Amino acid sequence: MPDARRIDAVLLLVALVWGSSYLAAKTVTAAIPVLALLFARYAISALACVALVAARRGFRRWTREETRAGALLGVTQAAVLVLETYGVAHTSAANAGLIISLTIVLTPLLDRAGGRGRLPLRFFLATGVCALAIGLLVSGRGLHTPQVGDVLILAAAVVRAGHVALVGRLTTGRAMDPLRLTTVQTVVGTALFLVPALDGLPELARSSATTWTQLIYLALFCSVFAFLAQTWAVQRTSASRASLLLGTEPIWAVAVGIGLGGERLTVVAALGAALMVAGTYWGQAIERAHRTTVKDDAPRPAPALTG
Numbered sequence: 016m017p018d019a020r021r022i023d024a025v026l027l028l029v030a031l032v033w034g035s036s037y038l039a040a041k042t043v044t045a046a047i048p049v050l051a052l053l054f055a056r057y058a059i060s061a062l063a064c065v066a067l068v069a070a071r072r073g074f075r076r077w078t079r080e081e082t083r084a085g086a087l088l089g090v091t092q093a094a095v096l097v098l099e100t101y102g103v104a105h106t107s108a109a110n111a112g113l114i115i116s117l118t119i120v121l122t123p124l125l126d127r128a129g130g131r132g133r134l135p136l137r138f139f140l141a142t143g144v145c146a147l148a149i150g151l152l153v154s155g156r157g158l159h160t161p162q163v164g165d166v167l168i169l170a171a172a173v174v175r176a177g178h179v180a181l182v183g184r185l186t187t188g189r190a191m192d193p194l195r196l197t198t199v200q201t202v203v204g205t206a207l208f209l210v211p212a213l214d215g216l217p218e219l220a221r222s223s224a225t226t227w228t229q230l231i232y233l234a235l236f237c238s239v240f241a242f243l244a245q246t247w248a249v250q251r252t253s254a255s256r257a258s259l260l261l262g263t264e265p266i267w268a269v270a271v272g273i274g275l276g277g278e279r280l281t282v283v284a285a286l287g288a289a290l291m292v293a294g295t296y297w298g299q300a301i302e303r304a305h306r307t308t309v310k311d312d313a314p315r316p317a318p319a320l321t322g
């Protein structure tokens, strides 16, 4: 088993990659339709995964457990990416990265696989701080009805939390190969978006080299690497901790959106950004302390057999 530092480093790298993905996705959606983007992203990812599986020595068939889990996770991951991509097309990359970080405090509420008991009241106070932060973010230019993009990203945060919890429930303690699991997810995603993307394929074929470069980045780094790393890490830690350690994602999203995308945050939105980061990190500390306390109080389990 890898040590905790290696797991943390991998999850932080995933956070950096995902943080940069919002600006890349927003740029691509300005050039091609969202569904064409998603089909291309999944198709490139699937080809890369199949190639990695084929390059392995000692090929074996997928187990029924891997196929079923991968298919289900492929559907939930596709739902996350639909909401995220349509959302970022209608809001700023910085806002998208900040609002999606609500996943950090939602995942422990959905992750009951570890049997860690009821979360303390302070955790819900941290969630309230995040909710206030979202209100400030979406009203950064004055009180108004939230943009459709902000609402879609908020929905994506809820679905992503469910997806991360489901990854933990389906894979923890089971002999599932992350690459095979990710391959099934990408193949399922490709199949789901093929027909809806047909109308946008001509525009995709005429895309510039810059657009294709961003698509490849989204596919190979933000999908293949990130999916593999997330599954690998969740198998070795709790789903809650995996989600909590991705807490630097909004910081990278803001840094990339402002530094490379030329976006700006008003004073009110900047206050919302600060509260969002503070709330998620506060929630992270509370959940970690709670999980450690319950683990110390629980009877020590027998060593698990791995294959």
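Numbering (the working numbering), first residue to last: 16 to 322.
Glycine included, every Cβ here is placed at the ideal spot set by N, Cα and C.
Model, not experiment: these values are computed from the prediction.
Per DSSP, reduced to three states, the secondary structure at residue 210 is coil, with no helix or strand assignment. Between the alpha carbons of residue 209 and residue 91 lies a gap of roughly 17 Å. Note on geometry: alpha-carbon atoms of residue 305 and residue 217 lie some 53 Å from one another. Per DSSP, reduced to three states, the secondary structure at residue 47 is coil, with no helix or strand assignment. In this model, residue 163 and residue 71 are separated by some 44 Å (Cα to Cα).
For residue 190, the secondary structure class from DSSP, reduced to helix, strand or coil, is coil. Cβ atoms of residue 292 and residue 266 come within 8 Å of each other, at about 6 Å.
Residue 120: member of the alpha helix (DSSP H) spanning 118–125, first to last residue.
Closest by C-alpha distance to residue 190, out of 179, 136, 249, 178, is 249. Taking the CA atoms as reference points, residue 288 sits about 36 Å from residue 199.
Rounded to the nearest whole angstrom, the C-alpha separation of residue 170 and residue 93 is 13 Å. In terms of Cβ geometry, residue 269 and residue 150 do not form a close pair [threshold 8 Å]. Assignment of residue 294 by DSSP, reduced to helix, strand and coil, places it in the helix class. Per DSSP, residue 240 lies in no alpha helix (DSSP H) and is assigned neither H nor E.
The beta carbon of residue 89 sits closer than 8 Å to those of 199, 200, 201, 202, 203, 204, 207, all from its chain and outside the five residues before and after it, given in chain order. The way I'd put it, the stretch 178–190 doesn't touch the stretch 54–65; fewer than three beta-carbon pairs between them come closer than 8 Å.
In the displayed model, residue 77 falls within coil according to three-state DSSP, outside both helix and strand. Between residue 168 and residue 106, the C-beta gap is smaller than 8 Å, which places the two residues in contact.
Per DSSP, the unbroken alpha helix (DSSP H) holding residue 137 starts and ends at 136–153. Following the DSSP letters along the chain, one finds residue 273 inside the alpha helix (DSSP H) bounded by residues 264–274.
Distance from the CA of residue 277 to the CA of residue 101, rounded to the nearest whole angstrom, comes to 20 Å.
Judged by their CB atoms, residue 271 and residue 108 are nearer to each other than the 8 Å cut-off.
Residue nearest to residue 28 within the set 220, 307, 263, 290 is 263 (criterion: CA-CA distance). The way I'd put it, the stretch 232–245 doesn't touch the stretch 76–87; fewer than three beta-carbon pairs between them come closer than 8 Å.
In terms of Cβ geometry, residue 84 and residue 243 do not form a close pair [threshold 8 Å]. In this chain, the alpha helix (DSSP H) harbouring residue 219 covers 216–220.
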